[in-house]
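Numbering (mature numbering (1 follows the signal peptide of the UniProt record, and there is no 0)), first residue to last: -19 to -1, 1 to 122.
Heads up, the thing below is written out as structure tokens.
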């Protein structure tokens, strides 16, 4: 019985450790395609505008986005779109949403309206609270 409990606990912990946010990458789909998908699915878009050279962006990837609780919440509630602001698609997104610093996070309603915008680094719980705020704003509209 102890072996079975240990094995089940090990599998559960491994699965939690491997939980990651699932992002659609900017090189795979355009913002316009993501907007169309969100409208069809009636789902909020979460956009991460980052740069490969950005230290705070790397910190968020390694810490907040890697947190199992964040991954579970965002994978369930949002279409997660990650776009490098230095690419041509990223520049279109930056111009469309007036992004001038990295990282910038934008929550967009299925109809295309910006619900909430935040910048910089934040720990997992604060980040999830920001997501809840965006979801609440979507329900109010």
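Note that CB positions come from ideal geometry on N, CA and C, so glycine has one too.
None of these values were measured; they are calculated from a predicted model.
- At least 8 Å separates the beta-carbon of residue 104 from that of residue 37.
- When the beta-carbon positions are compared, residue 4 and residue 63 come within less than 8 Å of each other.
- Between the segment 7 to 23 and the segment 37 to 57 there are fewer than three inter-stretch CB-CB distances shorter than 8 Å, so the stretches are not counted as touching.
- Boundaries of the beta strand (DSSP E) around residue 100: 95 to 100.
- Your pair residue 58 and residue 116 checks out as a contact, with CB atoms roughly 6 Å apart and the cut at 8 Å.
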